[in-house]
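Residue 174 in the numbering used here is what sits at position 164 of the sequence shown, and the numbering runs on without skipping anything.
Quick reminder that beta carbons are idealized off the backbone N, C-alpha and C, glycines included.
No experiment lies behind these values; they were computed from the predicted model shown.
What follows is one structure encoded as structure tokens, with my remarks underneath.
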Amino acid sequence: MKRKTNKKRILSMEGIDQVKLLGIGDRNLRILEEYFKEKIVVRGNDIIVADSSRHSEELAKVMGRLIEIAGEGHTVTEGDILTIIKHGAGGDDGIEELEETVVFYSTSHRKRIVPRSPRQKEYIESITKNDVVFAIGPAGTGKTFLAIASALAALKRREIERIFVSRPVV
11 MKRKTNKKRI LSMEGIDQVK LLGIGDRNLR ILEEYFKEKI VVRGNDIIVA
61 DSSRHSEELA KVMGRLIEIA GEGHTVTEGD ILTIIKHGAG GDDGIEELEE
111 TVVFYSTSHR KRIVPRSPRQ KEYIESITKN DVVFAIGPAG TGKTFLAIAS
161 ALAALKRREI ERIFVSRPVV
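Structure, rendered in structure tokens:
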């Protein structure tokens, strides 16, 4: 009779608010399980992942990054998970590239606003460096949202005194 050796990877959530990391009703955990087709078990302050599949290494890296985010006091969102998976799917470089992404604004509810694509990152850098920026693109790509978030971040840093919001001119 052959015995299966079940290797497991254990990640610690010591000192982290589990609701911020795992979501209400473990929603974030279910998203990861569905994407990686892997069973994730939480026991106390430990996250246990089977170390048998080809995705277990990538899953552990994604979980590690999510633990870091929750450890900073931020609530992990579905968007955070999908962004980390997207950038981390290519291997180590993607996750390192994502870690270099600057959180340029945090809301009062500790929700992090970050650029979700390289073009959005360029847009934020352009807003930071220039007095006037014209953005052209399809609806729903975050142009106005990121501009307002950048203005709020500058206001919070006391780089500006007021924000005037007007209707867009077409």
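A145: not part of any beta strand (DSSP E); DSSP gives it neither H nor E. Under DSSP, the beta-bridge partners assigned to V51 are I58. Excluding sequence positions up to five before and after S22, its CB lies within less than 7 Å of the CB of N55 and D56, all in the same chain and listed in chain order. Relative to the Cα of T87, the nearest Cα in the group G150, Q28 and K47 belongs to Q28. Beyond the five residues adjoining it in sequence on each side, L92 comes within less than 6 Å, by CB distance, of no other residue in the same chain. Distance from the CA of E67 to the CA of E169, rounded to the nearest whole angstrom, comes to 43 Å. In the DSSP assignment, I20 falls within the beta strand (DSSP E) that extends over K18 to S22. In this structure, DSSP gives S118 a state outside helix and strand, which the three-state scheme calls coil. The alpha carbon of K153 has as its nearest neighbour, out of R126, I173 and K139, the alpha carbon of R126.
Take I137, set aside five residues on each side of it, and the residues of its chain with a beta-carbon closer than 7 Å to its own are V143, A157 and S160, in chain order. Nearest C-alpha to H119 among G83, K17 and R64: G83.
The DSSP-derived three-state label of I123 is strand. A Cβ-Cβ contact shorter than 9 Å links V59 with E48. Between I26 and I77, the gap from beta carbon to beta carbon is short of 9 Å. Distance check between L31 and each of K17, T117, V52 and I173 places V52 closest, using alpha-carbon atoms only.
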